Amino acid sequence: MVEIKVLFFGPLREALSKDSLIVFMDSPTPAKIKQHLIDEHIKSTSNLQDILNSSGTVVNLEYCEPDHPLSNGDELAFIPPVSAG
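First residue of the sequence shown? That's 1 in UniProt numbering, and the numbers climb one at a time after it.
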């Protein structure tokens, strides 16, 4: 079982009412963790899937693909799009 710290920013932090959580999973990837979050929180956060699907994926401060394999102790962040005006 691998331990991953997941960080949330902007609308994700607001939607989930938390800035981070720890996920334990076998053979994790950002895509698997994203689906886990949707499955666990979709009933209480109806727009969660839309926010996650439009968010960038960052592992240990570097952008990566959703199928990037994660290792024990990695830090995963989903970065929602931002707009400036």
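In this text, a Cβ means the ideal position worked out from N, Cα and C, and glycines have one as well.
Quick caveat, the model's predicted, so the values are computed rather than measured.
Return helix, strand or coil for residue i, following the three-state DSSP convention.
i	result
L21	strand
K5	strand
G10	helix
V40	According to the sequence displayed, residue 40 carries Glu and not Val. The answer is helix: DSSP assigns E40 an H, G or I state.
L76	strand
I'd like the list of long-range same chain contacts for residue i, defined as Cβ closer than 8 angstroms, with 5 residues on each side in sequence excluded.
i	result
M1	F24, M25, D26
Only counting the same chain, and skipping five residues up and downstream in sequence, which positions put a Cβ closer than 7 angstroms to that of residue i?
i	result
N47	A15
H68	T29, P30, V59
Q49	I38, I42
Given residue i, which residues of its chain have a CB within under 6 angstroms of its CB, disregarding the five upstream and five downstream residues?
i	result
K34	L52
I40	Before going on, a small fix: residue 40 reads as Glu here, not Ile. Contacts found: none.
R13	D19
Please name the residue in the options whose C-alpha comes closest to that of residue i.
i	options	result
Y63	P11, S17, G10, P30	P30
S54	S17, V82, I22, L21	V82
Identify the residues that DSSP records as bridge partners of residue i: which are they?
i	result
V59	E62, L76
Could you say if the segment 1 to 8 and the segment 66 to 75 meet the contact criterion of at least three C-beta pairs nearer than 8 angstroms?
yes
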